[in-house]
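One structure is given below, encoded as structure tokens.
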Amino acid sequence: MIVGIDIGGTKTQLIAEMGGETVGERVVYTAEWRARIDHDADAQALVSLLVATTGATPEITVVGAHGCDSDEDRLALQTRLARHLPGAVLVLNDSELLLPAAGKTRGISVISGTGSIAVSRDAARRMIASGGWGWYLGDEGSASGLVREAARTIRFALDQGQPLDPLGRSFIDALAISSPIEIGRALGEIGSAAGIGRLAPLVFDAADAGSRYANKVITEAGASLAVLTAQLLERGAPRGDVVTGGGVIARQPRLLAAFKTALGDRLPDLTLTLLNEPPVVGAMVLARKLSRGDLPATLPPPHIDGELKTADDWRAA
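In the working numbering, each residue carries its 1-based index in the sequence shown increased by 233.
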């Protein structure tokens, strides 16, 4: 049995396959098992979820995990899972599932969901990332980032003596406040990227209603995603394919168009693909490769039976 798991910031999706047939599938809220307080307990909870779904332990497990934003992070989780799971265990950042899910072997993955991050690997298989700093510091081009920048744009317009437009009015209505002065307080009380990100559709609705401020926010969000991509190229990411996905960019054509335009202006030799499959498909693609003894040249080695292998010797285990 092989298993692919996509751990997103909001939900976790698991698929198990045996002999080419799906034998188990489950989607749960990530917060149901991942507390981020005791990492060992979280790893055990994920293994328990897997076994409860499939009734057995797999021979191959590939995980894409939100929050594993460095090789140190992902190796720490891989090591913890390998203590409980036999066979091969490979953990990657969740955005790294986008390329194989789209049928690509190398390139750059750009997530625009609750948060945003661009991830790739250099010629030495080292993970390189840009973004992923959380809504308070960054996550430009994500749901939470769009809302934060929309609030700043409303504030700036009012400070210039401009009247409220559809963007400002929609924020006041959605936050159930009486004055735009309260927008910052209201967003602060929500306090989480997921909660703030739920307001992101307001930005696109306001753009549809003719708000030039909303259009500006969307255009700048697309440009920010292009900047994340360019930063990885400067640090050794391979040129060619860029695959993007996530709940915001997959549902909002305006953001995809803004990203495509900015990327074309800045890096015209790159090809942008919107992922139309759930990212867990990428985990399954990689799990099938590992089951055939094929470790992609761009990826780090897995643990096998609790032991970390090198790229040269893992197949012999």
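Where a beta carbon is used, it is the ideal one built from N, C-alpha and C, also for glycine.
Given a threshold of 16 other Cβ atoms within 10 Å of its Cβ, counted over all protein chains shown, does residue i qualify as buried or as exposed?
{"i": "Arg267", "result": "buried"}
{"i": "Gly257", "result": "buried"}
{"i": "Thr462", "result": "buried"}
{"i": "Gln393", "result": "exposed"}
{"i": "Leu466", "result": "buried"}
{"i": "Pro533", "result": "buried"}
{"i": "Gln395", "result": "exposed"}
{"i": "Phe389", "result": "exposed"}
{"i": "Leu489", "result": "buried"}
{"i": "Pro291", "result": "buried"}
{"i": "Val380", "result": "buried"}
{"i": "Ala447", "result": "buried"}
{"i": "Trp547", "result": "Only weak support exists for where Trp547 lies, its pLDDT of 48 falling under 50; the value from the coordinates is given anyway. By the neighbour-count rule (16 or more Cβ atoms within 10 Å), Trp547 is buried."}
{"i": "Pro333", "result": "buried"}
{"i": "Arg307", "result": "buried"}
{"i": "Glu540", "result": "exposed"}
{"i": "Leu370", "result": "exposed"}
{"i": "Ala276", "result": "buried"}
{"i": "Glu265", "result": "exposed"}
{"i": "Ala549", "result": "The predicted model places Ala549 with a pLDDT of 42, which falls under 50 and marks its position as unreliable; any figure quoted below should be read in that light. The residue in question, Ala549, is exposed, as its Cβ has fewer than 16 Cβ neighbours within 10 Å."}
{"i": "Ala491", "result": "buried"}
{"i": "Gly497", "result": "exposed"}
{"i": "Asp302", "result": "buried"}
{"i": "Gly421", "result": "exposed"}
Residues in its own chain within less than 6 Å of residue i by CB, not counting five upstream and five downstream?
{"i": "Pro535", "result": "Ala321, Val322, Leu323"}
{"i": "Gly237", "result": "Ile248, Val295, Val513, Ala516, Met517, Ala520"}
{"i": "Thr494", "result": "none"}
{"i": "Ser524", "result": "Ile235, Ile293"}
{"i": "Asp304", "result": "Met360"}
{"i": "Gly479", "result": "Ile344, Ser345, Gly346"}
Determine the contact status of residue i and residue j, defining contact as a CB-CB distance below 7 Å.
{"i": "Leu325", "j": "Thr294", "result": "no"}
{"i": "Gly364", "j": "Ser349", "result": "yes"}
{"i": "Arg468", "j": "Ile361", "result": "yes"}
{"i": "Thr504", "j": "Asp474", "result": "yes"}
{"i": "Leu282", "j": "Leu508", "result": "no"}
{"i": "Arg499", "j": "Ala454", "result": "no"}
{"i": "Asp239", "j": "Asp327", "result": "yes"}
{"i": "Val476", "j": "Ser345", "result": "no"}
{"i": "Ser377", "j": "Gly430", "result": "yes"}
{"i": "Thr347", "j": "Ala470", "result": "no"}
Which residues mark the beginning and the end of the beta strand (DSSP E) in which residue i is found?
{"i": "Gln246", "result": "244-251"}
{"i": "Met517", "result": "Not the beta strand (DSSP E): Met517 falls in the alpha helix (DSSP H), residues 513-524."}
{"i": "Ser342", "result": "341-345"}
{"i": "Glu329", "result": "Where Glu329 is concerned, there is no enclosing beta strand (DSSP E), given that its DSSP letter is neither H nor E."}
{"i": "Arg259", "result": "254-262"}
{"i": "Thr506", "result": "504-507"}
Which same chain residues, not among the five before or five after residue i, have their C-beta less than 8 Å away from its C-beta?
{"i": "Arg445", "result": "Asp398"}
{"i": "Gly253", "result": "none"}
{"i": "Phe404", "result": "Ala383, Ala384, Ile387, Pro413, Ile416, Leu432, Leu435"}
{"i": "Tyr623", "result": "Shown here, the chain extends from 234 to 550; a query on residue 623 therefore has no answer."}
{"i": "Val260", "result": "Lys244, Thr245, Gln246, Leu247"}
{"i": "Asp273", "result": "Arg313"}
{"i": "Thr506", "result": "Ala335, Lys337, Asp474, Val475, Val476, Thr477"}
Tell me which same chain residues have a C-beta within less than 7 Å of the C-beta of residue i, skipping the five on either side of it?
{"i": "Arg487", "result": "Phe437, Ala440, Ile451"}
{"i": "Ser457", "result": "Glu373, Gly374"}
{"i": "Ile423", "result": "Ile429"}
{"i": "Thr543", "result": "Pro534"}
I need the boundaries of the alpha helix (DSSP H) containing residue i, first residue and last residue.
{"i": "Ser566", "result": "Residue 566 is absent from the model: the chain starts at 234 and stops at 550."}
{"i": "Asp239", "result": "First-last for Asp239: 235-240, but that is the beta strand (DSSP E), not the alpha helix (DSSP H)."}
{"i": "Ile416", "result": "416-423"}
{"i": "Arg499", "result": "486-499"}
{"i": "Ile293", "result": "Per DSSP, Ile293 belongs to no alpha helix (DSSP H); it is in the beta strand (DSSP E), 293-298."}
{"i": "Ser457", "result": "445-467"}
- Do the segment 329-341 and the segment 310-318 touch if we need at least three Cβ pairs shorter than 8 Å? Two segments are said to touch when three or more pairs of C-beta atoms, one from each, lie closer than 8 Å; by this definition the segment 329-341 does not touch the segment 310-318.
- Query: Does the segment 352-364 come close enough to the segment 396-416 that 3 or more CB-CB pairs lie under 8 Å?
  - Reply: Between the segment 396-416 and the segment 352-364, the count of Cβ pairs shorter than 8 Å is below three; the stretches do not touch.
- Would you check if there are 3 or more beta carbon pairs closer than 8 Å linking the segment 243-253 to the segment 276-291? Yes, the segment 243-253 is in contact with the segment 276-291.
- With a cut-off of 8 Å, do at least 3 Cβ pairs link the segment 513-522 to the segment 294-303? Contact between the segment 513-522 and the segment 294-303 is present, because at least three Cβ pairs lie under 8 Å.
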